[in-house]
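K.L.:
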Amino acid sequence: MLKLVKRPKSPFYYARGTINGQRVEESTGTDNLREARRKLQDIERRILSADPVSEEAELTFAAALAIYRETKPKARFLDPLLSHFGARAVSEINNAAMREAAKKLYPDASDETIRRQLYTPVKAILNHAADEELCAPPRLKIKVQANRRTVFFKPEEVDAVLLSLNANPNAYLGPLVTFLIGQGSRMKETLTLDGRDVHLDDRLAILRLTKNGEERRVSLIPRVVAAMSNLPTIGEPGPVFRRLDGHPFKTDEAAGGQIKSAFRTAVKSAHLDERRYTPHVCRHTWATWFYAQTNDVRRLQVEGGWLSNEWQRYTKIGTPDLGRRVKRFGWDFSQKLGENLGERKADVI
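Residue numbers are given in UniProt numbering: position 222 of the sequence shown equals residue 222, and the series is strictly consecutive.
What follows is the structure in C-alpha coordinates.
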(Lines of atoms letter the chains of each structure in order from A; the text may use other names.)
(Lines give C-alpha, C1' and ligand atoms only; values in the text may rest on other atoms or scores of the structure.)
Protein backbone atom coordinates (compact mmCIF):
# COMPACT_ATOMS: atom_id res chain seq x y z
CA MET A 1 0.00 0.00 0.00
CA LEU A 2 0.93 3.65 0.05
CA LYS A 3 2.54 5.75 2.74
CA LEU A 4 3.15 9.45 3.23
CA VAL A 5 6.68 10.74 2.84
CA LYS A 6 8.39 14.11 2.63
CA ARG A 7 10.85 15.03 -0.11
CA PRO A 8 13.75 17.48 0.21
CA LYS A 9 13.02 21.00 -1.05
CA SER A 10 9.26 20.37 -1.19
CA PRO A 11 6.79 21.38 1.55
CA PHE A 12 4.21 18.80 0.45
CA TYR A 13 3.56 15.24 1.55
CA TYR A 14 3.86 12.57 -1.16
CA ALA A 15 2.03 9.28 -1.51
CA ARG A 16 4.59 6.60 -2.24
CA GLY A 17 4.49 2.84 -2.61
CA THR A 18 3.04 0.05 -4.74
CA ILE A 19 -0.61 -0.72 -5.21
CA ASN A 20 -2.03 -3.38 -7.55
CA GLY A 21 1.49 -3.83 -8.89
CA GLN A 22 1.65 -0.16 -9.86
CA ARG A 23 4.45 2.06 -8.58
CA VAL A 24 3.11 5.32 -7.20
CA GLU A 25 4.79 8.57 -6.17
CA GLU A 26 2.27 11.39 -6.23
CA SER A 27 2.11 14.76 -4.50
CA THR A 28 -0.85 15.34 -2.19
CA GLY A 29 -0.50 19.05 -2.81
CA THR A 30 -0.60 19.88 0.91
CA ASP A 31 1.79 20.25 3.82
CA ASN A 32 -0.97 19.58 6.38
CA LEU A 33 -0.65 16.02 7.72
CA ARG A 34 -4.37 15.52 8.38
CA GLU A 35 -5.30 16.75 4.91
CA ALA A 36 -2.51 14.65 3.37
CA ARG A 37 -3.93 11.51 5.01
CA ARG A 38 -7.30 12.22 3.40
CA LYS A 39 -5.63 12.77 0.04
CA LEU A 40 -3.74 9.50 0.49
CA GLN A 41 -7.02 7.62 0.90
CA ASP A 42 -8.42 9.33 -2.20
CA ILE A 43 -5.38 8.29 -4.24
CA GLU A 44 -5.65 4.69 -3.06
CA ARG A 45 -9.39 4.55 -3.84
CA ARG A 46 -8.83 6.03 -7.30
CA ILE A 47 -6.18 3.48 -8.20
CA LEU A 48 -8.06 0.51 -6.73
CA SER A 49 -11.28 1.41 -8.53
CA ALA A 50 -9.67 2.14 -11.89
CA ASP A 51 -10.74 0.01 -14.84
CA PRO A 52 -8.08 -2.30 -16.25
CA VAL A 53 -6.27 -0.56 -19.09
CA SER A 54 -3.11 -1.08 -21.03
CA GLU A 55 0.18 -1.29 -19.15
CA GLU A 56 1.46 1.90 -20.76
CA ALA A 57 -1.68 3.85 -19.86
CA GLU A 58 -1.43 2.67 -16.26
CA LEU A 59 2.13 3.88 -15.94
CA THR A 60 2.05 7.37 -14.52
CA PHE A 61 4.86 9.85 -14.77
CA ALA A 62 5.25 9.70 -10.99
CA ALA A 63 5.72 5.95 -11.15
CA ALA A 64 8.21 6.23 -14.03
CA LEU A 65 10.12 8.88 -12.10
CA ALA A 66 10.25 6.69 -8.98
CA ILE A 67 11.73 3.83 -11.02
CA TYR A 68 14.25 6.18 -12.62
CA ARG A 69 15.24 7.61 -9.23
CA GLU A 70 16.25 4.16 -8.03
CA THR A 71 19.07 4.11 -10.59
CA LYS A 72 19.78 7.86 -10.57
CA PRO A 73 19.27 8.99 -6.95
CA LYS A 74 21.24 12.21 -7.50
CA ALA A 75 19.46 13.26 -10.69
CA ARG A 76 18.60 16.96 -10.74
CA PHE A 77 15.51 19.01 -11.65
CA LEU A 78 13.03 16.24 -10.85
CA ASP A 79 10.81 17.77 -8.15
CA PRO A 80 9.19 20.44 -10.38
CA LEU A 81 8.48 17.74 -12.98
CA LEU A 82 6.86 15.51 -10.36
CA SER A 83 4.68 18.35 -9.13
CA HIS A 84 3.62 19.24 -12.68
CA PHE A 85 3.06 15.84 -14.32
CA GLY A 86 2.33 13.76 -11.20
CA ALA A 87 -0.30 11.11 -11.94
CA ARG A 88 -0.46 11.93 -15.64
CA ALA A 89 -0.07 8.86 -17.85
CA VAL A 90 3.25 8.76 -19.69
CA SER A 91 1.37 8.11 -22.92
CA GLU A 92 -0.08 11.62 -22.62
CA ILE A 93 3.30 13.35 -22.37
CA ASN A 94 3.80 14.56 -25.91
CA ASN A 95 5.26 17.72 -27.46
CA ALA A 96 2.13 19.72 -26.68
CA ALA A 97 2.30 18.66 -23.05
CA MET A 98 5.96 19.60 -22.91
CA ARG A 99 5.32 23.07 -24.34
CA GLU A 100 2.61 23.53 -21.73
CA ALA A 101 5.03 22.44 -19.00
CA ALA A 102 7.70 24.84 -20.27
CA LYS A 103 5.28 27.78 -20.12
CA LYS A 104 4.21 26.91 -16.58
CA LEU A 105 7.51 25.84 -15.03
CA TYR A 106 10.00 28.06 -16.89
CA PRO A 107 8.07 30.99 -18.42
CA ASP A 108 11.08 33.31 -18.74
CA ALA A 109 13.85 30.75 -19.22
CA SER A 110 16.17 30.37 -22.19
CA ASP A 111 15.98 27.44 -24.58
CA GLU A 112 19.10 26.02 -22.96
CA THR A 113 17.52 26.11 -19.48
CA ILE A 114 14.31 24.51 -20.76
CA ARG A 115 16.33 21.84 -22.52
CA ARG A 116 18.48 21.15 -19.46
CA GLN A 117 15.82 21.28 -16.77
CA LEU A 118 12.74 19.98 -18.60
CA TYR A 119 13.36 18.08 -21.82
CA THR A 120 16.55 16.26 -20.83
CA PRO A 121 15.26 14.81 -17.51
CA VAL A 122 11.80 13.98 -18.89
CA LYS A 123 13.33 12.14 -21.85
CA ALA A 124 15.74 10.32 -19.53
CA ILE A 125 12.86 9.19 -17.30
CA LEU A 126 10.71 8.01 -20.20
CA ASN A 127 13.62 6.34 -22.00
CA HIS A 128 14.44 4.44 -18.81
CA ALA A 129 10.82 3.28 -18.56
CA ALA A 130 10.94 2.28 -22.24
CA ASP A 131 14.10 0.25 -21.59
CA GLU A 132 12.12 -1.56 -18.90
CA GLU A 133 9.41 -2.19 -21.54
CA LEU A 134 6.87 -0.17 -19.56
CA CYS A 135 6.09 2.34 -22.31
CA ALA A 136 7.02 3.36 -25.82
CA PRO A 137 10.17 5.45 -26.35
CA PRO A 138 9.41 9.19 -26.21
CA ARG A 139 9.46 11.40 -29.30
CA LEU A 140 9.98 14.85 -27.88
CA LYS A 141 11.54 17.89 -29.54
CA ILE A 142 12.21 21.31 -28.08
CA LYS A 143 10.96 24.16 -30.21
CA VAL A 144 13.63 26.86 -30.43
CA GLN A 145 12.26 30.32 -29.78
CA ALA A 146 12.94 32.78 -32.57
CA ASN A 147 13.40 35.83 -30.34
CA ARG A 148 15.15 35.02 -27.10
CA ARG A 149 15.81 37.70 -24.54
CA THR A 150 19.39 38.06 -23.40
CA VAL A 151 19.56 39.71 -19.99
CA PHE A 152 22.79 41.36 -18.87
CA PHE A 153 23.92 43.74 -16.16
CA LYS A 154 24.96 47.34 -16.64
CA PRO A 155 28.36 48.11 -15.12
CA GLU A 156 26.92 50.31 -12.35
CA GLU A 157 24.51 47.50 -11.45
CA VAL A 158 27.40 45.05 -11.12
CA ASP A 159 29.19 47.46 -8.80
CA ALA A 160 26.09 47.65 -6.61
CA VAL A 161 25.75 43.85 -6.50
CA LEU A 162 29.44 43.41 -5.68
CA LEU A 163 29.21 46.02 -2.93
CA SER A 164 26.72 43.76 -1.14
CA LEU A 165 28.61 40.54 -1.83
CA ASN A 166 31.90 42.00 -0.60
CA ALA A 167 30.18 42.73 2.71
CA ASN A 168 29.07 39.09 3.04
CA PRO A 169 30.75 37.07 5.83
CA ASN A 170 31.92 34.66 3.13
CA ALA A 171 34.91 36.55 1.70
CA TYR A 172 34.98 34.27 -1.36
CA LEU A 173 31.65 35.46 -2.77
CA GLY A 174 32.75 38.87 -4.04
CA PRO A 175 35.82 37.49 -5.86
CA LEU A 176 33.73 34.57 -7.17
CA VAL A 177 31.14 36.81 -8.83
CA THR A 178 33.91 39.14 -10.05
CA PHE A 179 35.46 36.09 -11.74
CA LEU A 180 32.12 35.09 -13.29
CA ILE A 181 31.60 38.60 -14.67
CA GLY A 182 35.21 39.14 -15.72
CA GLN A 183 35.95 35.74 -17.26
CA GLY A 184 32.55 34.42 -18.37
CA SER A 185 33.07 30.87 -17.11
CA ARG A 186 30.16 28.66 -16.19
CA MET A 187 29.37 28.12 -12.52
CA LYS A 188 30.59 24.51 -12.32
CA GLU A 189 33.74 25.35 -14.26
CA THR A 190 34.45 28.16 -11.80
CA LEU A 191 33.69 26.22 -8.62
CA THR A 192 36.02 23.40 -9.70
CA LEU A 193 38.87 25.78 -10.54
CA ASP A 194 41.89 24.53 -8.57
CA GLY A 195 44.04 26.99 -6.67
CA ARG A 196 47.14 25.52 -8.32
CA ASP A 197 45.74 26.45 -11.73
CA VAL A 198 45.51 30.16 -10.92
CA HIS A 199 48.60 32.23 -11.78
CA LEU A 200 47.96 35.84 -10.87
CA ASP A 201 51.44 37.08 -11.82
CA ASP A 202 50.98 35.67 -15.30
CA ARG A 203 47.31 36.66 -15.40
CA LEU A 204 46.00 33.25 -16.40
CA ALA A 205 43.89 30.41 -15.05
CA ILE A 206 43.20 26.93 -16.41
CA LEU A 207 39.67 25.53 -16.24
CA ARG A 208 39.99 21.75 -16.17
CA LEU A 209 36.43 20.46 -15.70
CA THR A 210 34.52 22.20 -18.45
CA LYS A 211 31.11 21.54 -19.93
CA ASN A 212 32.40 20.36 -23.30
CA GLY A 213 35.40 18.36 -22.05
CA GLU A 214 38.12 20.74 -23.17
CA GLU A 215 40.61 22.31 -20.80
CA ARG A 216 40.44 26.06 -21.28
CA ARG A 217 42.96 28.76 -20.43
CA VAL A 218 41.51 32.17 -19.68
CA SER A 219 43.32 35.51 -19.58
CA LEU A 220 42.60 37.07 -16.19
CA ILE A 221 41.63 40.71 -16.52
CA PRO A 222 43.17 43.19 -14.04
CA ARG A 223 39.99 43.62 -12.00
CA VAL A 224 39.74 39.85 -11.47
CA VAL A 225 43.42 39.65 -10.49
CA ALA A 226 42.86 42.38 -7.90
CA ALA A 227 39.75 40.70 -6.49
CA MET A 228 41.51 37.33 -6.11
CA SER A 229 44.81 38.66 -4.78
CA ASN A 230 43.95 38.13 -1.10
CA LEU A 231 42.40 34.67 -1.38
CA PRO A 232 44.32 32.14 0.77
CA THR A 233 43.53 29.32 -1.67
CA ILE A 234 45.60 30.70 -4.57
CA GLY A 235 48.35 28.18 -5.32
CA GLU A 236 46.88 25.63 -2.91
CA PRO A 237 45.30 22.28 -3.84
CA GLY A 238 41.53 22.21 -4.03
CA PRO A 239 38.89 24.66 -5.27
CA VAL A 240 39.94 28.29 -5.12
CA PHE A 241 36.41 29.47 -4.22
CA ARG A 242 34.93 28.04 -1.01
CA ARG A 243 31.90 28.16 1.25
CA LEU A 244 31.89 30.18 4.47
CA ASP A 245 33.08 27.12 6.42
CA GLY A 246 36.04 26.68 4.06
CA HIS A 247 34.68 23.55 2.40
CA PRO A 248 34.14 23.28 -1.38
CA PHE A 249 30.78 24.12 -2.90
CA LYS A 250 28.70 21.22 -4.16
CA THR A 251 28.81 21.07 -7.94
CA ASP A 252 25.82 18.79 -8.53
CA GLU A 253 23.27 21.56 -7.90
CA ALA A 254 21.43 23.52 -10.54
CA ALA A 255 23.50 26.22 -12.17
CA GLY A 256 23.94 29.06 -9.70
CA GLY A 257 22.12 27.26 -6.89
CA GLN A 258 25.24 27.22 -4.74
CA ILE A 259 25.17 31.00 -4.24
CA LYS A 260 21.52 31.66 -5.07
CA SER A 261 20.50 33.03 -1.68
CA ALA A 262 23.41 35.45 -1.27
CA PHE A 263 23.18 36.50 -4.92
CA ARG A 264 19.45 37.18 -4.62
CA THR A 265 20.05 39.33 -1.55
CA ALA A 266 22.75 41.30 -3.35
CA VAL A 267 20.54 41.81 -6.41
CA LYS A 268 17.67 43.04 -4.23
CA SER A 269 20.01 45.41 -2.40
CA ALA A 270 20.90 46.86 -5.81
CA HIS A 271 17.16 47.45 -6.40
CA LEU A 272 17.03 44.92 -9.24
CA ASP A 273 14.57 42.11 -9.97
CA GLU A 274 15.96 38.93 -8.40
CA ARG A 275 13.78 36.81 -10.69
CA ARG A 276 15.39 38.37 -13.74
CA TYR A 277 19.00 38.62 -12.56
CA THR A 278 20.26 35.15 -11.64
CA PRO A 279 23.88 33.98 -11.30
CA HIS A 280 23.86 32.75 -14.92
CA VAL A 281 23.27 36.34 -16.06
CA CYS A 282 26.92 36.91 -15.15
CA ARG A 283 27.90 34.81 -18.18
CA HIS A 284 25.52 36.73 -20.44
CA THR A 285 27.00 39.95 -19.08
CA TRP A 286 30.59 38.90 -19.76
CA ALA A 287 29.85 37.84 -23.33
CA THR A 288 27.90 41.02 -24.09
CA TRP A 289 30.54 43.30 -22.57
CA PHE A 290 33.45 41.34 -24.03
CA TYR A 291 32.28 41.56 -27.63
CA ALA A 292 31.13 45.17 -27.26
CA GLN A 293 34.66 46.09 -26.19
CA THR A 294 36.83 43.79 -28.34
CA ASN A 295 34.71 43.05 -31.42
CA ASP A 296 36.68 39.78 -31.50
CA VAL A 297 34.47 36.81 -32.37
CA ARG A 298 37.32 34.31 -32.18
CA ARG A 299 38.28 35.24 -28.63
CA LEU A 300 34.60 35.38 -27.63
CA GLN A 301 34.04 31.81 -28.81
CA VAL A 302 37.28 30.39 -27.41
CA GLU A 303 37.35 32.14 -24.03
CA GLY A 304 33.64 31.44 -23.57
CA GLY A 305 34.19 27.75 -24.25
CA TRP A 306 31.49 27.35 -26.90
CA LEU A 307 31.61 24.51 -29.40
CA SER A 308 28.17 25.47 -30.73
CA ASN A 309 27.10 28.74 -32.36
CA GLU A 310 25.51 29.96 -29.12
CA TRP A 311 28.09 32.78 -28.91
CA GLN A 312 26.60 34.48 -31.95
CA ARG A 313 23.66 35.87 -29.97
CA TYR A 314 25.98 38.23 -28.08
CA THR A 315 27.38 39.89 -31.21
CA LYS A 316 24.04 41.61 -31.85
CA ILE A 317 23.50 43.25 -28.46
CA GLY A 318 26.37 45.36 -27.19
CA THR A 319 27.61 48.59 -28.78
CA PRO A 320 31.04 50.27 -28.84
CA ASP A 321 29.65 52.85 -26.40
CA LEU A 322 28.82 50.06 -23.97
CA GLY A 323 32.31 48.64 -24.41
CA ARG A 324 33.93 51.98 -23.59
CA ARG A 325 31.67 52.54 -20.58
CA VAL A 326 32.41 49.07 -19.22
CA LYS A 327 36.13 49.79 -19.51
CA ARG A 328 35.74 53.00 -17.51
CA PHE A 329 34.32 50.85 -14.69
CA GLY A 330 37.49 48.74 -14.68
CA TRP A 331 36.42 45.81 -16.87
CA ASP A 332 39.22 45.82 -19.43
CA PHE A 333 39.13 42.91 -21.89
CA SER A 334 41.50 44.45 -24.43
CA GLN A 335 44.70 42.68 -23.34
CA LYS A 336 45.16 39.04 -24.28
CA LEU A 337 47.77 36.38 -23.63
CA GLY A 338 47.63 34.62 -26.95
CA GLU A 339 45.01 32.10 -27.92
CA ASN A 340 43.29 30.33 -25.07
CA LEU A 341 43.00 26.98 -26.74
CA GLY A 342 43.13 24.00 -24.42
CA GLU A 343 43.68 20.33 -24.89
CA ARG A 344 40.60 18.16 -25.27
CA LYS A 345 40.13 15.75 -22.39
CA ALA A 346 37.99 12.90 -23.63
CA ASP A 347 37.64 11.41 -20.16
CA VAL A 348 36.30 14.60 -18.50
CA ILE A 349 32.60 14.38 -17.77
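Even for Gly, the Cβ is constructed at its ideal location relative to N, Cα and C.
Beta carbon of glutamine 301, beta carbon of glycine 323: below 8 Å?
P.N.:
no
K.L.:
Once DSSP output is grouped into helix, strand and coil, what is the label at glutamate 100?
P.N.:
Three-state result, glutamate 100: helix.
K.L.:
Pick from Asp245, Phe12, Glu189: whose alpha carbon is nearest that of residue 355?
P.N.:
This structure gives no information on residue 355, because the portion of the chain shown stretches from 1 to 349.
K.L.:
Which word fits leucine 163, buried or exposed, when buried means at least 16 other C-beta atoms lie within 10 angstroms of its C-beta?
P.N.:
exposed
K.L.:
Candidates Leu81, Ile234, Ser49, Ala63: which alpha carbon is nearest proline 175's?
P.N.:
Ile234
K.L.:
In three-state DSSP terms, what is isoleucine 19?
P.N.:
strand
K.L.:
Assign histidine 247 to one of two classes, buried (16 or more other C-beta atoms within 10 Å of its C-beta) or exposed (fewer than that).
P.N.:
exposed
K.L.:
Terminal residues of the continuous beta strand (DSSP E) containing isoleucine 206?
P.N.:
From DSSP, the beta strand (DSSP E) with isoleucine 206 extends over 204-207.
K.L.:
Would you identify the three-state DSSP class for residue 367, choosing helix, strand or coil?
P.N.:
For the chain, the structure presents residues 1 to 349; residue 367 sits outside this window and is missing.
K.L.:
Helix, strand or coil: how does DSSP classify glutamate 214 here?
P.N.:
strand
K.L.:
Look up valine 151 in the DSSP assignment and say whether it is helix, strand or coil.
P.N.:
coil
K.L.:
Please classify aspartate 332: does DSSP put it in a helix, a strand, or coil?
P.N.:
coil
K.L.:
Using only alpha-carbon positions, find the residue among Asp131, Gly184, Pro107, Gly17 that is nearest to proline 279.
P.N.:
Gly184
K.L.:
What residues in its chain sit with their C-beta under 8 Å from that of alanine 205, if we drop five residues either side in the sequence?
P.N.:
Gln183, Leu193, Asp197, Val198, His199, Arg217, Val218, Leu220
K.L.:
Can you give the Cα-Cα distance for glutamate 70 and leucine 82, rounded to whole angstroms?
P.N.:
The straight-line gap separating the alpha-carbon atoms of glutamate 70 and leucine 82 is approximately 15 Å.
K.L.:
Give me the Cα-Cα distance between arginine 7 and lysine 154, rounded to the nearest whole angstrom.
P.N.:
39 Å
K.L.:
Using DSSP with H/G/I as helix, E/B as strand and the rest coil, what is alanine 57?
P.N.:
A caution first: alanine 57 carries a pLDDT of 46, below 50, which makes its placement in the model unreliable, though a value can still be read off. DSSP places alanine 57 in helix when its eight states are reduced to three.
K.L.:
For a test of the three-state rule: what should DSSP assign to phenylalanine 12, helix, strand or coil?
P.N.:
coil
K.L.:
Measure the Cβ-Cβ separation of tyrosine 172 and phenylalanine 241 and say whether it is below 8 Å.
P.N.:
yes
K.L.:
On the DSSP letters alone, give me the boundaries of the alpha helix (DSSP H) that arginine 34 sits inside.
P.N.:
33-49
K.L.:
Report the rounded CA-to-CA distance for glutamate 156 versus threonine 178, giving the unit in angstroms.
P.N.:
A straight line joining the alpha-carbon of glutamate 156 with that of threonine 178 spans about 13 Å.
K.L.:
DSSP state of serine 308, grouped into three classes?
P.N.:
coil
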